[in-house]
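Peer 1:
Residue numbers (this note's numbering): 68 to 316.
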């Protein structure tokens with residue numbers, strides 16, 4: 068498949084040009100290749116490790132949630148040079164989707180999280196850059212500890228549980244979205260799930276009486292790229308592979 072054709076398709080699928088992201092985020096095709104794509108690697112981060120994994124797997128394109136360019140002029144030297152050199156030398160295109168992948172109603176990171184916990188009556192939630200990027204809804208009433216254990220099994224990693232008692236109404240925002248916790252409080256939710264949070268959030272959650280589950284920045288953002296991979300295989304018959312390089316954060 069031609070890289071430009073695939074890039075245009077992804078732009079439309081993820082509404083790249085309409086969704087406002089953080090001022091420094093560059094979404095879309097960041098690095099071209101010579102033109103053809105037969106196999107796509109999917110990863111959370113465009114780091115040297117995943118680029119090398121993509122090359123070893125025979126990929127002609129790497130699709131990521133966190134790309135290489137975050138606005139402004141950047142010198143191409145050191146680690147940035149190494150990554151670009153590996154991409155260009157390996158003839159691997161790089162496509163990045165940040166907030167557009169978080170909020171996609173079917174393929175997004177937050178859709179994946181909501182599905183993993185059995186969320187029903189799902190609604191958009193949590194404003195960021197003019198968009199509602201998270202989801203809120205109801206789950207089977209259960210203890211917050213039970214919910215944490217379920218997430219650990221689903222994400223194959225540790226979940227830090229802050230709070231006690233039973234929960235039924237839950238909001239999810241993947242990645243580093245502790246700054247949206249107050250929106251969960253204002254929405255009257257029992258529980259808020261995100262990837263990571265600063266130290267002071269322990270006390271904020273305890274004093275607000277809203278459970279806080281921290282499931283890992285990396286772990287909460289694997290679902291979207293995996294979903295895009297499945298979609299590309301179903302839509303175009305492209306071979307895809309998830310390149311797992313967990314950070315533990």
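Using N, Cα and C, we set each Cβ at its ideal position, and we do this for glycine too. Computed from a prediction, not measured in an experiment: that's the story for all the values here.
To which residues of the same chain is residue 224 closer than 6 Å at the C-beta, ignoring the five residues directly before and after it?
Peer 2: 283 and 286
Peer 1: Leaving out five residues before and five after residue 205 in sequence, what residues of the same chain have Cβ atoms less than 8 Å from its Cβ?
Peer 2: 186, 187, 188, 235, 236 and 237
Peer 1: For a quick check, are the C-beta atoms of residue 194 and residue 250 less than 8 Å apart?
Peer 2: yes
Peer 1: Just checking my contact of residue 203 with residue 254 at CB under 8 Å: how many whole Å lie between their CB atoms?
Peer 2: 6 Å
Peer 1: From the DSSP secondary-structure annotation, give me the bridge partner or partners of residue 205.
Peer 2: Residue 205 is bridged to 187 and 236.
Peer 1: Please state the DSSP three-state secondary structure of residue 141.
Peer 2: coil
Peer 1: Could you give the distance in angstroms between the alpha-carbon of residue 265 and the alpha-carbon of residue 92?
Peer 2: 22 Å
Peer 1: In chain order, what are the residue ranges of uninterrupted beta strand (DSSP E) at least 3 long that sit wholly in the segment 98-150?
Peer 2: 106-112 and 128-133
Peer 1: DSSP three-state call for residue 306: helix, strand or coil?
Peer 2: strand
Peer 1: For residue 69, which three-state DSSP category applies?
Peer 2: strand
Peer 1: Is residue 110 closer than 8 Å to residue 129 when the C-beta atoms are compared?
Peer 2: yes
Peer 1: Based on the DSSP secondary-structure assignment, which residues constitute the bridge partners of residue 76?
Peer 2: Per DSSP, none; premise fails for residue 76.
Peer 1: Near residue 151, which residues of its chain fall below 8 Å by C-beta distance, leaving aside the five closest residues on each side in sequence?
Peer 2: 98, 135 and 143
Peer 1: Assess, as a yes-or-no matter, whether the segment 150-168 is touched by the segment 81-89 under the definition of 3 or more beta carbon pairs within less than 8 Å.
Peer 2: yes
Peer 1: DSSP three-state label for residue 84, please.
Peer 2: Here residue 84 sits in coil by DSSP.
Peer 1: Using CA coordinates, which residue listed in 279, 288 and 179 is at the minimum distance from residue 316?
Peer 2: Comparing alpha-carbon positions, the option among 279, 288 and 179 lying closest to residue 316 turns out to be 288.
Peer 1: Select from 294, 214 and 305 the residue whose C-alpha is nearest the C-alpha of residue 280.
Peer 2: 214
Peer 1: By the three-class DSSP mapping on this structure, what secondary structure does residue 152 have?
Peer 2: helix
Peer 1: Suppose you measure from the CA of residue 120 to the CA of residue 113; what does that come to, to the nearest Å?
Peer 2: 11 Å
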